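Heads up: the sequence lines are chains X and L, in that order.
The number in my numbering is simply the position in the first sequence, starting from 1, with 27 added.
The number in my numbering is simply the position in the second sequence, starting from 1, with 10 added.
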Amino acid sequence: MIQLRPTPFDPSADMGAFSAGRTQVGAIVSFLGLARGEAAGAEILQLEAYADFTEAAIGGVVERARSRFSLLDAAVIHRVGKIAVGEPIVLVLTAAAHRREAFEACDFLMDYLKSDAPFWKKEFGPDGPRWVEPTPRDLSDLARWG
Amino acid sequence: MARVLLFGRLADVAGWRERAYEPTPARLCQLRALICGEDSALGAALEGPGVQAAVDKTLVRGDIALKPGAEVAFLPPMSGG
Numbered sequence: 028m029i030q031l032r033p034t035p036f037d038p039s040a041d042m043g044a045f046s047a048g049r050t051q052v053g054a055i056v057s058f059l060g061l062a063r064g065e066a067a068g069a070e071i072l073q074l075e076a077y078a079d080f081t082e083a084a085i086g087g088v089v090e091r092a093r094s095r096f097s098l099l100d101a102a103v104i105h106r107v108g109k110i111a112v113g114e115p116i117v118l119v120l121t122a123a124a125h126r127r128e129a130f131e132a133c134d135f136l137m138d139y140l141k142s143d144a145p146f147w148k149k150e151f152g153p154d155g156p157r158w159v160e161p162t163p164r165d166l167s168d169l170a171r172w173g
Numbered sequence: 011m012a013r014v015l016l017f018g019r020l021a022d023v024a025g026w027r028e029r030a031y032e033p034t035p036a037r038l039c040q041l042r043a044l045i046c047g048e049d050s051a052l053g054a055a056l057e058g059p060g061v062q063a064a065v066d067k068t069l070v071r072g073d074i075a076l077k078p079g080a081e082v083a084f085l086p087p088m089s090g091g
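Quick look at the structure:
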C-alpha cells in the first residue's frame, strides 16, 4: 500500500490494520518519521509531491524491496502539504517471515525515500523558507544498497 | 498544447507552478529554449545540477519528441521522509 495523505494520521491505526490477520508473517518492522523541531529551526514543513508519478516511483522501489528482501508485504504512508513539528511525516511498514529481512527492507526503503523519492520539502523557520535537499549522509546511506 | 509543471525551488524561481505552451513544441529541447527565452534565470535553473525532466510522467534523459498535449515536469533534487 502506498498512500500520500494531506492531513495528520495516527500511525498506530495503520500499524494495527497492517498487522491484522497475518498468518505467514513472523516479523513486522515499522519506521515512523516525525517533523523535528530544531533549536533555531523550522516551525513548519511543506511537502510537495507529483500526484501519480510519486506513487508510481515509490511503488517501483517497493517492488524491488519485495524481491530483494523476500518481503511478504510493505506499506509506505507519506504526508504531503503543511506539517507541524512533532507530526508524523512518514510511516514505513515491512512484513517478512523473519526479522532480518523486515529490518533491512525498512532501512532500504527509508534511504530511498530520503534522497530519491519525488518529494520536495520546504522548511519555514525563523530565517525564512529554505528548500531541503539530500545531505551527503543521505546520499551515502542510499549508496550502501548498490 | 504542452503543459509544463515546476516543482520545489524551480516554481519559486519562475513564480509559477503550471503553464500551457501553445502549440506543443516538437521537441523537449525546443520547449527548454522557449522557456529560457522568456526567463533566462528559469532556463538556467532547469539545466542546474540534479534537475530531471519527466514527460507524461516518465523520467527522460536528453532530448525527446513531444506529442501534442504532452505534460512536461521539471524536478529538482528530491527529499522526502
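Positions of the beta carbon are idealized from the N, C-alpha and C atoms, including for glycine.
All values derive from a computational prediction rather than experimental measurement.
Using a Cβ distance threshold of 9 Å, residue 45 of chain X and residue 134 of chain X do not count as a contacting pair. DSSP, read as helix, strand or coil, puts residue 29 of chain X in strand. By the neighbour-count criterion, in which a residue is buried when 16 or more other Cβ atoms sit within 10 angstroms of its Cβ, residue 86 of chain L is buried.
In the structure shown, residue 51 of chain X falls within a coil segment according to DSSP collapsed to helix, strand and coil.
The beta carbon of residue 80 of chain X falls within 9 Å of a beta carbon belonging to chain L, placing the residue at that interface.
Put simply, the CB of residue 155 of chain X is far from chain L, with every gap to its CB atoms at 9 Å or more.
Proximity of chain L to residue 145 of chain X at the Cβ level (cut-off 7 Å) is accounted for by 85 and 88, in chain order.
Residue pairing by DSSP places residue 96 of chain X in no beta bridge whatsoever. About 5 Å separates the beta carbon of residue 32 of chain L from that of residue 11 of chain L, a gap short enough to meet the 8 Å contact definition.
Distance from the CA atom of residue 141 of chain X to the CA atom of residue 159 of chain X, rounded to whole angstroms, is 10 Å. The DSSP-derived three-state label of residue 81 of chain X is helix. Residue 26 of chain L is classed as exposed because its beta carbon has fewer than 16 other beta carbons within 10 Å across all chains shown.
A contact is defined here as three or more CB-CB pairs under 8 Å, and the stretch 145 to 152 of chain X meets this definition with respect to the stretch 75 to 91 of chain X. Boundaries of the alpha helix (DSSP H) around residue 42 of chain L: 38 to 48. Counting the other CB atoms within 10 Å of its CB gives residue 105 of chain X a total of 16 or more, which places it among the buried residues.
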